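Student: Below you'll find the structure I mean.
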Amino acid sequence: YIFERFNLREEDIDLCVMTDIQTAERIGRKINAKETIVIHHHLAHIMSGWALTAWRDFSAVSIDGGGDYGSWLSFAKVVDRKIIDWEANCGCRLDKNGRYRDSIIHKKPLRRLAWPGWAFGTYWSFPTVVNFGMLDRNGIGGYEGKLMGLAAHGNAERFDPKKNNYTGCFELKKGRNYNYIKTKGHPKIGDKRHCVTKDGKRVSLLEVKKRRKEKVILYEYNLKEKEDFMLASDFAALLQNKTNTAITELFNNNFAPGEQMVLTGGTFGNVVTNGLLNRKYKVFVTPPMGDEGLALGAAAWGAYISGIRELEYPGIYTGFDAGLNESVDTKEVAELLANKKIVGLIDGRMEMGPRALGARTILSDPQDNHVNFTINERLGRVEYMPFAPVILEEHADDVLVGWSREQISSKHMTLLYQVKDKWRERLKGVVHVDGSVRPQVISKEDNPFYYSIVESYYKKTGIPVLINTSFNAHGEPMLRTVEEGISALKDNRIDVLIAGDKIRYAKER
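According to the working numbering, the stretch in the sequence shown is residues 581 to 1089, in order.
Below is the structure:
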């Protein structure tokens, strides 16, 4: 796609930067560039944030489920766009000249910090997969966000770690320049070596993994059963509390209140923790915070070592272009939404990162939570996950507790806020059981057409908010093309499709 979009050949590439060292070594270097280098997984995470923030001076933290040499945590310090320090918890770091040594690819780091235990992200991912079976039909995980969504339904104090044989915990450990999180214990509830199914069968974890490849999903708790749902919710609440505590202590021990902080790595997909950090620090959460941002980070490192430090922010819409909807009457769209229609939107270039931000989005009326059940049923999603709102920027302060315009990440749906009391009853479709929302705050400059839809709805209803959820079925990728949108309309996923500069109704198909 990239070669086609920019009319390039491999031979045109002066420098190819690859990341994830062990993966690069396993697959081989396949691009025929003039020069190829490989950088550390967590350096690429840091650089993705460096590329997308306009800040000149900041600290950065990356945390995820695991990277090169067993790393899952790194820190960086940037002054006037220059990276003056970077180190990961595996011991890898920049040399005294600020360079990442390519020779480190082929041997262990000169100074390796040993952190026994599991990677931080594993504390979410392991029970998500083995205890609760939160995988798609192909056995692919990455559903930690669904476990996070359960936390608000639970009570951490009600979960008994001893009774459920849960030993996972965190503590801080002093490194070279920073305090690090150290993991202890085991992340799984119950038997540490087996999955014990409902019928009492004990299946080794290795066998569980093998069966997933055959699309046989084994798990220990059935979330459709009330008792199991409560246990999972209580455990999720406990795990969220532990995550909040570990990361806030990490920040308290390393950074000053009010410091500008770039957050990256899949762990910062946890909007609950991000929301807490946002109260004490000036936070920018990298929009493609997960491994989808690594390619960007690798390219940014290539630019950085080539002397390019002033990058023009490309905006959040950088993907495949399906064409704009310039002739569509947004007042007509607002009328449809006010009449409880579920509207799919495919407009312009796709969003960067995992969030639906108005380019590949499903919109709906936020006033009644009954629509949540309808959308979830039609998309094959679980009913306990909250929907996110899109909010007009000029009304965000009226709706959200503690919001301000300088909180850039509120534009990218990566922060959590409480909803003010006067709006909670009017916005039942987007307010979670704990009174929170994960909003996208939108201005006219961000996306004029998308903004105009929300504005037209506000003028009709007095409500400056819409439900905004990703345009995809459960476990499927986001839709890309107009044709894929038409297929969703035919499959009754939505009532109305806005795409190809046209409003299409289900009856037309």
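Note that beta-carbon positions come from the ideal geometry of N, C-alpha and C, so glycine has one too. Being a predicted model, the structure only gives us computed values, none of them experimental.
In three-state DSSP terms, what is residue 587?
Tutor: The residue you call residue 587 lines up with position 7 of the sequence shown. It is coil, neither helix nor strand.
Student: Which of helix, strand or coil does DSSP assign to residue 926?
Tutor: Working through the sequence shown from its first residue, we reach residue 926 at position 346. In the structure shown, residue 926 sits in a strand (DSSP, three-state: E or B).
Student: Can you tell me which of 1048, 953, 891 and 712 puts its alpha carbon nearest to the alpha carbon of residue 935?
Tutor: For the purposes of this step, residue 935 is identified with residue 355 of the sequence shown, where counting begins at 1. Checked all of 1048, 953, 891 and 712; the closest Cα to residue 935 is 1048.
Student: So, helix, strand or coil for residue 1056, using DSSP?
Tutor: Along the sequence shown, read from residue 1 onward, the residue named residue 1056 stands at position 476. Residue state, collapsed to three classes: coil.
Student: Using DSSP with H/G/I as helix, E/B as strand and the rest coil, what is residue 831?
Tutor: For the purposes of this step, residue 831 is identified with residue 251 of the sequence shown, where counting begins at 1. Residue 831 falls in the helix class under three-state DSSP.
Student: Roughly how many angstroms lie between the CA atoms of residue 1070 and residue 1053, to the nearest whole one?
Tutor: By 1-based counting over the sequence shown, the position of residue 1070 is 490. By 1-based counting over the sequence shown, the position of residue 1053 is 473. Straight-line Cα distance between these residues: approximately 13 Å.
Student: So, are the CB atoms of residue 1008 and residue 956 less than 7 Å apart?
Tutor: As a position in the sequence shown, residue 1008 is number 428, starting the count at 1. As a position in the sequence shown, residue 956 is number 376, starting the count at 1. No. Outside cutoff.
Student: Output the distance between the C-alpha atoms of residue 729 and residue 933, rounded to the nearest integer angstrom.
Tutor: Residue mapping note: residue 729 aligns to position 149 of the sequence shown, counting from 1. Residue mapping note: residue 933 aligns to position 353 of the sequence shown, counting from 1. Near 19 Å, if we compare the C-alpha coordinates of residue 933 and residue 729.
Student: What's the C-alpha gap between residue 815 and residue 1014?
Tutor: Within the sequence shown, numbered from 1, the residue matching residue 815 stands at position 235. Within the sequence shown, numbered from 1, the residue matching residue 1014 stands at position 434. Using only the alpha carbons, I get a separation of about 16 Å.
Student: Determine the contact status of residue 765 and residue 747, defining contact as a CB-CB distance below 7 Å.
Tutor: To locate residue 765, count along the sequence shown from 1; it is residue 185. To locate residue 747, count along the sequence shown from 1; it is residue 167. Cβ atoms of residue 765 and residue 747: closer than 7 Å.
Student: Could you say if the region 833 to 853 and the region 969 to 985 meet the contact criterion of at least three C-beta pairs nearer than 8 Å?
Tutor: Cβ pair count under 8 Å is below three, so no.
Student: Considering only C-alpha positions, which residue in the set 890, 912, 925 and 1066 is nearest to residue 636?
Tutor: As a first step, residue 636 must be located in the sequence shown, where it is residue number 56. The shortest Cα separation from residue 636 among 890, 912, 925 and 1066 belongs to 890.
Student: Please list the segments of the beta strand (DSSP E) lying wholly inside the region 745 to 791, counting only runs of 3 or more residues, in order along the chain.
Tutor: As far as the region 745 to 791 is concerned, its whole beta strand (DSSP E) runs of at least 3 residues are 749 to 754, 759 to 764, 774 to 776 and 782 to 784.
Student: For residue 687, count neighbouring C-beta atoms within 10 Å of its own C-beta (all shown protein chains included) and say buried if the count is 16 or more, exposed if not.
Tutor: Translated into positions along the sequence shown, residue 687 becomes position 107. Unreliable positioning characterises residue 687 in this predicted model, as indicated by a pLDDT of 40, which lies under 50. The coordinate reading is nonetheless provided below. Classification for residue 687: exposed.
Student: Confirm, please, whether the CB-CB distance from residue 658 to residue 881 is below 7 Å.
Tutor: In the sequence shown, the residue the question calls residue 881 occupies position 301. In the sequence shown, the residue the question calls residue 658 occupies position 78. Cβ atoms of residue 881 and residue 658: not closer than 7 Å.
Student: Determine the closest residue to residue 743 out of 831, 726 and 770, with distance taken between C-alpha atoms.
Tutor: For the purposes of this step, residue 743 is identified with residue 163 of the sequence shown, where counting begins at 1. The shortest Cα separation from residue 743 among 831, 726 and 770 belongs to 770.
Student: Three-state secondary structure (DSSP) at residue 805?
Tutor: Within the sequence shown, the letter at position 225 stands for residue 805. If DSSP states are grouped into helix, strand and coil, residue 805 belongs with coil.
Student: Here's the rule: buried if 16 or more other CB atoms are within 10 angstroms of the residue's CB, otherwise exposed. What is residue 960?
Tutor: On the sequence shown, position 380 is the one that residue 960 refers to. It counts as exposed.
Student: Taking the Cβ atom as the reference point for each residue, do residue 1067 and residue 844 lie within a distance shorter than 7 Å?
Tutor: One-based indexing of the sequence shown puts residue 1067 at position 487. One-based indexing of the sequence shown puts residue 844 at position 264. Contact flag unset, no.
Student: Taking residue 928 as the reference, give the member of 590, 884, 1060 and 822 with the closest Cα.
Tutor: Locating residue 928 in the sequence shown gives position 348, where the first residue counts as 1. With distances taken between Cα atoms, residue 928 lies closest to 1060.
Student: Considering just the uninterrupted stretch of the beta strand (DSSP E) at residue 1041, what are its terminal residues?
Tutor: Locating residue 1041 in the sequence shown gives position 461, counting from the first residue. Looking at the DSSP string, residue 1041 is not in any beta strand (DSSP E); the run it does join, the alpha helix (DSSP H), is 1028 to 1041.
Student: Relative to the C-alpha of residue 759, which candidate in 925, 1050, 669 and 739 has its C-alpha closest?
Tutor: Within the sequence shown, residue 759 is the residue found at index 179, counting from 1. With distances taken between Cα atoms, residue 759 lies closest to 669.
Student: Between the region 1071 to 1081 and the region 987 to 1007, can you find at least three pairs of beta-carbon atoms closer than 8 Å?
Tutor: No, the region 987 to 1007 is not in contact with the region 1071 to 1081.
Student: What residue from 879, 896, 1039 and 987 has the CA that sits closest to residue 1025's CA?
Tutor: If you number the sequence shown from 1, residue 1025 lands on position 445. Of the listed residues, the one whose Cα sits closest to residue 1025 is 896.
Student: Kindly give me the distance between the Cβ atoms of residue 941 and residue 1029, rounded to whole angstroms, as I take these residues to be in contact under 8 Å.
Tutor: Start at 1 with the first residue of the sequence shown, and residue 941 comes out as number 361. Start at 1 with the first residue of the sequence shown, and residue 1029 comes out as number 449. Not really, about 11 Å apart at Cβ, beyond 8 Å.
Student: Figure out for me which residue from 825, 600 and 861 has the closest Cα to the Cα of residue 638.
Tutor: In the sequence shown, the residue the question calls residue 638 occupies position 58. Among 825, 600 and 861, the Cα nearest to that of residue 638 is on 861.
Student: Three or more C-beta pairs under 8 Å: does that hold for the region 780 to 790 against the region 802 to 819?
Tutor: With the cut-off at 8 Å, the region 780 to 790 and the region 802 to 819 do not touch.
Student: Taking residue 727 and residue 706 to be in contact with their CB atoms under 8 Å, please state how far apart those CB atoms are, rounded to whole angstroms.
Tutor: The residue you call residue 727 lines up with position 147 of the sequence shown. The residue you call residue 706 lines up with position 126 of the sequence shown. Actually they do not touch by this definition, with Cβ atoms about 11 Å apart.
Student: Determine the burial state of residue 939: buried for a count of at least 16 other Cβ atoms within 10 Å of its Cβ, exposed for fewer.
Tutor: Position 359 of the sequence shown, counted from the first residue, corresponds to residue 939. It counts as buried.
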